[in-house]
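A.B. asks: Here it is, the structure in full.
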Amino acid sequence: MRTQIVIIGAGPAGLLLGRLLDNHGIETVILERRSRDHVLGRIRAGVLEQGTIELLERAGVAQRLRREGLVHDGVEIGFDGERHRFDFKALIGRTVTVYGQTEVTHDLMDARDASAARTVYEAEDVSLQGFDGTSPVVRYVKDGVGHAIGCDFIAGCDGFHGVSRASVPPQAMKTFERVYPFGWLGVLVERPPVSDELIYSNHESGFALCSMRSPTRSRYYVQVPAGEKVEDWPDDRFWEELRRRLDREASQLLQTGPSIEKSIAPLRSFVAEPLRFGRLFLAGDAAHIVPPTGAKGLNLAASDVGMLADALIEFYEEGSHAGMDRYSSRALARVWDAERFSWWMTSILHRLPETDAFGRRIQRAEFDRLRRSVSAASAFAESYTGIFSG
Ligand code: APR
Ligand code: PHB
129 MRTQIVIIGA GPAGLLLGRL LDNHGIETVI LERRSRDHVL GRIRAGVLEQ GTIELLERAG
189 VAQRLRREGL VHDGVEIGFD GERHRFDFKA LIGRTVTVYG QTEVTHDLMD ARDASAARTV
249 YEAEDVSLQG FDGTSPVVRY VKDGVGHAIG CDFIAGCDGF HGVSRASVPP QAMKTFERVY
309 PFGWLGVLVE RPPVSDELIY SNHESGFALC SMRSPTRSRY YVQVPAGEKV EDWPDDRFWE
369 ELRRRLDREA SQLLQTGPSI EKSIAPLRSF VAEPLRFGRL FLAGDAAHIV PPTGAKGLNL
429 AASDVGMLAD ALIEFYEEGS HAGMDRYSSR ALARVWDAER FSWWMTSILH RLPETDAFGR
489 RIQRAEFDRL RRSVSAASAF AESYTGIFSG
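Numbering follows this note's numbering, in which position 352 of the sequence shown is assigned residue number 480; successive positions increment by one, without gaps.
Encoded structure:
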């Protein structure tokens with residue numbers, strides 16, 4: 129069989145790319161290792177930048193997002209019991225929208241199902257060949273039967289543990305990494321959020337975050353040491369620890385309940401360079417990871433595939449290679465800007481090995497500077513809402 133583009137991975141990156149190309153009549157096949165339900169079962173961040181919303185709109189999948197997404201004009205940051213609100217709208221005239229990644233994925237899957245485009249779920253043993261030449265082939269096994277798809281290009285959208293990046297000869301790629309010695313323990317609960325906006329909290333005992341999925345469903349996190357097990361965190365222990373890390377008002381308003389999901393996510397910063405290897409392009413988590421502080425993961429995946437879709441459309445409609453040649457450097461400029469921001473936000477809010485008495489005073493000074501200086505607060509607002517002039 130043959131198609132124009134094989135997309136590996138049906139996460140938000142692969143599905144959005146497929147949709148943007150489909151809208152221009154470019155044929156794609158998506159190969160996904162897991163089942164549809166498994167992909168939809170993952171709970172991940174849900175803060176969308178305006179640029180991400182514009183792309184979802186361009187893709188024609190923003191109707192429900194427009195109805196159900198919660199527009200937030202700002203966020204709050206707490207430090208040792210004090211809290212400060214950063215009003216993005218007043219500072220720079222921008223907002224963010226809270227809408228779960230699961231919902232974005234759902235909307236994209238529904239749109240793909242309604243089109244003629246093909247998606248193969250539970251595709252096993254996906255392998256990539258010939259992308260350094262002119263005729264790439266992607267092989268996979270479905271229900272015990274082997275298949276091969278010849279294509280013009282391959283888009284590796286298969287996340288951090290995928291096969292695409294792993295298929296590139298190591299000498300052709302440079303990687304940059306920082307692994308943090310802690311994770312986020314997250315709980316989803318069917319209770320109204322403690323506040324209308326997100327609260328990022330730095331406390332002596334560690335970081336905490338109050339987020340939400342809807343007016344009746346909340347998502348909370350506490351920083352835990354690496355290696356911690358979910359089984360060691362019964363709900364009562366989680367709520368007690370979260371309360372300890374919030375200011376008095378928030379801890380009193382917090383409505384607790386039985387968790388409907390609980391998991392631990394490790395924190396990592398990672399970038400692979402470049403993002404193009406002949407006829408293979410990497411996008412989203414396959415190419416880079418940010419720690420969740422600042423919620424850039426999904427937004428970066430979206431900006432990558434926005435640029436990649438433009439490049440491929442330019443090739444098919446105008447015969448020009450220029451967009452494809454520029455893709456890696458354009459996307460990486462935005463990636464590194466978000467890496468810097470996520471690393472910075474992580475380091476000012478968490479208890480890190482270097483957070484000794486000196487480190488803690490530096491964190492405090494960062495907080496005070498953000499509170500006192502309109503230009504510092506505006507720079508924070510620009511990064512959080514996703515302004516990037518690249
Ligand atoms: N073959 C086929 N599919 C694969 C393979 C493989 N060998 N390996 C992984 N996949 C699939 C995964 O099952 C997953 O559904 O690729 C998909 C990758 O999706 P994501 O991990 O969601 O990555 P991406 O689409 O880049 O989205 C980035 O996810 O981790 C968050 O913070 C991140 O929000 C961001 C978003
Ligand atoms: C979430 O709602 O899961 C969330 C929100 C903001 C973050 C990270 C995660 O920075």
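We treat Cβ as the ideally placed atom computed from N, Cα and C, and that holds for glycine.
Within 8 Å, do at least three Cβ pairs link the segment 137-156 to the segment 397-417?
C.D. replies: yes
A.B. asks: Less than 8 Å between the CB atoms is what I'm expecting for Arg373 and Gly434, so what's the real figure, rounded?
C.D. replies: By one-based count along the sequence shown, residue 373 stands at place 245. By one-based count along the sequence shown, residue 434 stands at place 306. Not confirmed; about 36 Å, so no contact.
A.B. asks: Which word fits Ala459, buried or exposed, when buried means at least 16 other C-beta atoms lie within 10 angstroms of its C-beta?
C.D. replies: Counting from 1 along the sequence shown, the entry for residue 459 is found at position 331. Classification of Ala459: buried, given that the 10 Å Cβ count is 16 or more.
A.B. asks: Taking only three categories from DSSP, how would you classify Leu382?
C.D. replies: The residue you call residue 382 lines up with position 254 of the sequence shown. Reduced to three states, the DSSP call for Leu382 is coil.
A.B. asks: Taking the Cβ atom as the reference point for each residue, do Thr513 and Val224 lie within a distance shorter than 9 Å?
C.D. replies: Here residue 513 corresponds to residue number 385 of the sequence shown, with the count starting at 1. Here residue 224 corresponds to residue number 96 of the sequence shown, with the count starting at 1. Contact: yes.
A.B. asks: Touching or not, the segment 421-435 and the segment 344-353, by the rule of three or more beta carbon pairs under 8 Å?
C.D. replies: no
A.B. asks: Give the secondary structure of Gly554 by DSSP, where H, G and I count as helix, E and B as strand, and everything else as coil.
C.D. replies: What the structure shows of the chain is the stretch from 129 to 518, and residue 554 is not part of that stretch, so it cannot be assessed.
A.B. asks: Could you tell me if the beta carbon of Ile136 falls within a distance shorter than 8 Å of some heavy atom in the ligand APR?
C.D. replies: Taking the first residue of the sequence shown as position 1, residue 136 is located at position 8. Answer for Ile136: yes, Cβ within range of the ligand APR.
A.B. asks: CA-CA distance, Arg246 and Ala437?
C.D. replies: Numbered from its first residue, the sequence shown carries residue 246 at position 118. Numbered from its first residue, the sequence shown carries residue 437 at position 309. A straight line joining the alpha-carbon of Arg246 with that of Ala437 spans about 18 Å.
A.B. asks: How far does the alpha helix (DSSP H) with Asp238 in it extend, from its first residue to its last?
C.D. replies: Position 110 of the sequence shown, counting from 1, holds the residue named residue 238. Element bounds for Asp238: 229-241.
A.B. asks: For the beta strand (DSSP E) containing Ser391, name the first residue and the last one.
C.D. replies: In the sequence shown, the residue the question calls residue 391 occupies position 263. Looking at the DSSP string, the run of the beta strand (DSSP E) that includes Ser391 is 387-401.
A.B. asks: Which partner residues of Arg347 appear in the DSSP bridge assignment?
C.D. replies: Here residue 347 is taken as the residue at index 219 of the sequence shown, counted from 1. DSSP output for Arg347 lists Leu316, Ser339 as bridge partner(s).
A.B. asks: Roughly how many angstroms separate the alpha carbons of Ile133 and Asp363, rounded to a whole number?
C.D. replies: Your numbering for residue 133 matches position 5 in the sequence shown. Your numbering for residue 363 matches position 235 in the sequence shown. Ile133 and Asp363: Cα-Cα distance of roughly 46 Å.
A.B. asks: Would you say the segment 196-209 touches the segment 321-336, given that touching needs at least three Cβ pairs under 8 Å?
C.D. replies: yes
A.B. asks: Just checking my contact of Gly139 with Thr233 at CB under 8 Å: how many whole Å lie between their CB atoms?
C.D. replies: Within the sequence shown, numbered from 1, the residue matching residue 139 stands at position 11. Within the sequence shown, numbered from 1, the residue matching residue 233 stands at position 105. So it is a contact: roughly 7 Å between Cβ atoms.
A.B. asks: If you draw a straight line from the alpha carbon of Ile392 to that of Gly137, how long is it in whole angstroms?
C.D. replies: One-based indexing of the sequence shown puts residue 392 at position 264. One-based indexing of the sequence shown puts residue 137 at position 9. Each residue's alpha carbon lies about 23 Å from the other.
A.B. asks: Are the Cβ atoms of Phe516 and Asp453 separated by less than 9 Å?
C.D. replies: Taking the sequence shown and counting its residues from 1, one reaches residue 516 at position 388. Taking the sequence shown and counting its residues from 1, one reaches residue 453 at position 325. No, these two residues do not count as a Cβ contact at 9 Å.
A.B. asks: Only counting runs of 3 or more residues, tell me where the beta strand (DSSP E) segments fall wholly within the segment 148-222, in order along the chain.
C.D. replies: 156-159, 198-200, 202-207, 210-215
A.B. asks: Exposed or buried, Lys357, counting other C-beta atoms within 10 Å across all chains shown (16 or more means buried)?
C.D. replies: Along the sequence shown, one-based indexing puts residue 357 at 229. Burial call: exposed.
A.B. asks: Assuming Ala276 and Val265 make a contact with CB atoms under 8 Å, what is their CB distance in whole Å?
C.D. replies: Reading the sequence shown from its first residue, position 148 is the one you call residue 276. Reading the sequence shown from its first residue, position 137 is the one you call residue 265. Rounded, the Cβ-Cβ distance is 5 Å, consistent with contact.
A.B. asks: Can you tell which of Leu370, Ser506, Leu256 has the C-alpha that lies nearest to the C-alpha of Cys338?
C.D. replies: Along the sequence shown, read from residue 1 onward, the residue named residue 338 stands at position 210. Taking only the C-alpha atoms, the option nearest Cys338 is Leu370.
A.B. asks: Taking 8 Å as the cut-off, does the segment 289-296 touch the segment 253-260 (at least 3 CB pairs, one atom from each stretch)?
C.D. replies: At 8 Å Cβ cutoff, the stretches touch.
A.B. asks: Check whether the Cβ of Pro264 sits closer than 8 Å to any heavy atom of the ligand APR, and report yes or no.
C.D. replies: Taking the first residue of the sequence shown as position 1, residue 264 is located at position 136. In this structure, Pro264 has its beta carbon at no less than 8 Å from each heavy atom of the ligand APR.
A.B. asks: For a minimum of 3 consecutive residues, which ranges assigned as the beta strand (DSSP E) are wholly contained in the segment 243-279?
C.D. replies: 246-248, 252-257, 265-270, 273-278
A.B. asks: Say whether the segment 382-389 touches the segment 310-324, bearing in mind that this needs 3 or more beta-carbon pairs closer than 8 Å, one atom from each stretch.
C.D. replies: yes
A.B. asks: State the DSSP-derived secondary structure class of Glu510, mapped to helix, strand or coil.
C.D. replies: For the purposes of this step, residue 510 is taken as the residue at position 382 of the sequence shown. If DSSP states are grouped into helix, strand and coil, Glu510 belongs with the helices.
A.B. asks: Return yes when at least one heavy atom of the ligand PHB lies under 8 Å from the C-beta of Leu520, else no.
C.D. replies: Residue 520 lies beyond the stretch modelled for the chain, which goes from 129 to 518, so this question has no answer here.
A.B. asks: May I ask you to report which of helix, strand or coil DSSP gives Thr604?
C.D. replies: Any answer about residue 604 is impossible in this case: the structure gives the chain only from 129 up to 518.
A.B. asks: The beta strand (DSSP E) that contains Ala283, what's its start and end?
C.D. replies: Numbered from its first residue, the sequence shown carries residue 283 at position 155. First-last of the beta strand (DSSP E) with Ala283: 281-284.
A.B. asks: According to the Cβ coordinates, are Tyr349 and Trp312 closer than 9 Å?
C.D. replies: To locate residue 349, count along the sequence shown from 1; it is residue 221. To locate residue 312, count along the sequence shown from 1; it is residue 184. Cβ distance < 9 Å, so Tyr349 and Trp312 count as in contact.
A.B. asks: Just the Cα atoms here: how many angstroms apart are Ile135 and Val157?
C.D. replies: Within the sequence shown, numbered from 1, the residue matching residue 135 stands at position 7. Within the sequence shown, numbered from 1, the residue matching residue 157 stands at position 29. Spanning the two alpha carbons is a distance of roughly 6 Å.
A.B. asks: Determine the DSSP secondary structure at Ser329, reduced to helix, strand or coil.
C.D. replies: Position 201 of the sequence shown, counted from the start, is the residue given in the question as residue 329. Ser329: strand per DSSP, three-state reduction.
A.B. asks: Report back the beta-carbon spacing between Thr131 and Cys279 to the nearest angstrom; my notes put them in contact at under 8 Å.
C.D. replies: One-based indexing of the sequence shown puts residue 131 at position 3. One-based indexing of the sequence shown puts residue 279 at position 151. 5 Å between Cβ atoms; contact.
A.B. asks: Return the Cβ separation of Ser448 and Pro419 in integer angstroms, given the expectation that the two are a contact with Cβ distance under 8 Å.
C.D. replies: Indexing the sequence shown from 1 puts residue 448 at position 320. Indexing the sequence shown from 1 puts residue 419 at position 291. About 37 Å separates the beta carbon of Ser448 from that of Pro419, a gap too long to meet the 8 Å contact definition.
A.B. asks: In whole angstroms, what separates the C-alpha of Arg192 from that of Ala239?
C.D. replies: Within the sequence shown, numbered from 1, the residue matching residue 192 stands at position 64. Within the sequence shown, numbered from 1, the residue matching residue 239 stands at position 111. Cα-Cα distance, rounded: 12 Å.
A.B. asks: In three-state terms, what does DSSP make of Pro419?
C.D. replies: Here residue 419 refers to the residue found at position 291 of the sequence shown. The DSSP-derived three-state label of Pro419 is coil.
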